[in-house]
Amino acid sequence: WSSSGCHLSFSNATITECKCDHMTNYAVLMSIGDMPIPAKHTRALSIVTYIGCTLSILGVFLTVVTLISLPVLRSERTRIHCNLCIAVGVSQILFLAGGTEELVESKVGCKLYAALMFYAFMSVFSWMLVEGIHLYQMIIIAFITRAMMKFYYFIGWGLPMCIVVIASCISHKGYGTPNFCWLSLTDHTIWAFTGPAIVVILVNAVVLGAVLRLRTKLENNAEVSHRACLSILFLRTGARVSIMLLPLLGLSWIFGLFTAMEGTLVIQYIFAATNSLQGLMIFAFHCVGNSEVGCLLIGNFR
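Structure (structure tokens):
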């Protein structure tokens with residue numbers, strides 16, 4: 001059995017008693033190498049992750065409830081936000097439940113659970129990509145069609161399924177590890193997650209750069225078209241939140257990449273804290289710090 005997460009609780013001449021838990025932390029998601037972590041830090045990172053994930057799940061739940069309860073905000077942008085929240089919430093619930101000893105010891109069950117969690121976390125990245133594409137679409141074209149929304153749903157939920165199926169066909173043995181139900185390091189299946197994650201982060205960085213450049217150009221131009229006016233309006237309202245939030249969501253995963261390459265404890269703690277609190281960041285930006293949502297909520301209470 002796995003000795004990871006075990007510590008000596010009692011010992012005498014005839015009996016040795018150990019207590020074990022298989023708590024894990026977010027570093028396992030982006031780990032592309034087998035770098036040992038001291039036992040005391042492993043447990044501390046796990047506690048940070050579990051507390052953060054609990055707060056994050058609460059955050060995305062409150063965000064979805066808030067956005068749905070305000071009819072004025074029901075738009076394509078709100079649907080995208082809600083789908084991102086659902087993806088984040090489901091992935092973190094699965095992550096918290098994925099370290100049980102019974103599940104890890106079940107060979108078939110662990111493989112299926114690893115595939116399910118792989119799909120959930122890929123969906124988080126896919127909806128982050130949709131947020132970036134939608135932001136660019138609204139700035140450049142200033143409206144979207146129903147066909148575009150269907151395309152967003154395919155990217156958000158369909159594309160991750162395609163990636164999981166392809167990875168499973170290439171190497172079905174790459175699901176499940178001795179300590180946690182996740183992608184294996186031995187046959188490099190972990191790159192099926194890490195690779196697309198890097199692509200999404202880079203694409204969103206390019207999109208944000210283009211949007212900020214366009215914003216500067218439009219605000220410095222006295223004579224703008226009607227479409228440009230719509231773009232400026234969107235930049236000053238809904239886009240402002242996305243422009244601030246997307247870099248933060250991407251930055252947390254960039255710490256994960258540094259964790260994979262360097263493995264320093266400081267970066268591991270930063271990654272565990274920032275990534276497990278993604279749902280809370282979403283709630284803070286889309287609800288607490290959003291003046292539009294605040295005004296509507298105050299109006300409803302009155």
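With the UniProt record's numbering, you'll find the sequence shown wraps up at 302, consecutive numbering, no jumps. We treat Cβ as the ideally placed atom computed from N, Cα and C, and that holds for glycine.
Cβ shell of residue i (< 6 Å), same chain only, five flanking positions each side left out
i, result
"Ala-114", "Tyr-175, Gly-176, Cys-181, Trp-182"
"Val-288", "none"
"Ser-184", "Gly-174, Thr-177"
"Gln-92", "Cys-53, Ser-56, Ile-57"
"Phe-283", "Gly-59, Leu-62, Thr-63"
"Ser-171", "Asp-187, Thr-189"
"Val-88", "Val-60, Val-124, Gln-278, Gly-279"
"Leu-159", "Ser-126"
Range covered by the alpha helix (DSSP H) that runs through residue i
i, result
"Tyr-175", "That residue, Tyr-175, is in no alpha helix (DSSP H); it is neither H nor E in DSSP."
"Ser-75", "Neither: Ser-75 is in no alpha helix (DSSP H) and is coded neither H nor E."
"Ala-284", "No alpha helix (DSSP H) holds Ala-284; DSSP gives it neither H nor E."
"Ser-106", "Premise fails: Ser-106 is in no alpha helix (DSSP H) and is neither H nor E."
"Ser-46", "39 to 68"
Residues sharing a beta bridge with residue i, DSSP
i, result
"Leu-94", "DSSP lists no partner for Leu-94."
"Leu-183", "Tyr-175"
Chain D contact for residue i (CB, 9 Å cutoff)
i, result
"Lys-150", "Among the chains of the structure shown, chain D does not appear; only one protein chain is present."
Candidates the options, of which the one nearest residue i by Cα
i, options, result
"Ile-80", "Leu-103, Val-108, Leu-129, Lys-217", "Leu-129"
"Leu-58", "Leu-280, Lys-107, Phe-285", "Leu-280"
"His-134", "Ala-147, Tyr-152, Tyr-119, Gly-256", "Tyr-152"
"Ile-163", "Met-149, Ile-139, Phe-193", "Phe-193"
"Gly-98", "Ala-87, Leu-112, Ser-171", "Leu-112"
"Arg-77", "Val-124, Met-149, Phe-61, Cys-169", "Met-149"
"Lys-217", "Val-108, Arg-74, Ser-168, Ile-139", "Ile-139"
"Ile-198", "Cys-169, Val-124, Leu-45, Leu-277", "Val-124"
"Ser-75", "Arg-146, Val-28, Leu-45, Ala-167", "Arg-146"
"Ala-257", "Val-165, Pro-196, Leu-67", "One detail in the question is off: residue 257 reads as Leu in this sequence, not Ala. Ranking the options by Cα distance to Leu-257, first place goes to Pro-196."
"Met-161", "Tyr-119, Ile-51, Trp-191, Pro-38", "Tyr-119"
"Phe-154", "Ser-168, Met-122, Ala-167, Cys-169", "Met-122"
"Trp-191", "Ser-168, Val-203, Asn-204, Arg-213", "Ser-168"
Residue i: CB within 8 Å of a non-hydrogen atom of the ligand ATP
i, result
"Pro-71", "As presented, the structure is devoid of all ligands, the ligand ATP included, so that no description of it is given."
Chain-order list of residues whose beta-carbon lies under 7 Å from that of residue i (same chain, five-residue window excluded)
i, result
"His-226", "For His-226, the predicted structure reports a pLDDT of 48, less than 50, and the residue's modelled location is therefore unreliable. The matter cannot be settled from this model."
"Phe-95", "Cys-53, Met-117"
"Cys-110", "Leu-103, Val-104, Gly-176, Cys-181"
"Phe-255", "Ile-267, Ile-270, Phe-271, Thr-274"
"Ile-201", "Gly-250, Trp-253, Ile-254"
"Tyr-136", "Val-207, Ala-210, Val-211"
"Asn-83", "Trp-127, Gly-156"
"His-41", "Leu-265"
"Glu-131", "Ile-80, Leu-84, Ser-242, Leu-246"
"Val-28", "Phe-180, Trp-182"
"Thr-66", "Cys-287, Val-293"
"Leu-248", "Met-281"
Length-filtered (4 minimum) alpha helix (DSSP H) runs lying within the stretch 247 to 281: 265 to 276
Every unbroken alpha helix (DSSP H) within the stretch 115 to 174, with a cutoff of 4 residues, ordered by chain: 146 to 153, 159 to 170
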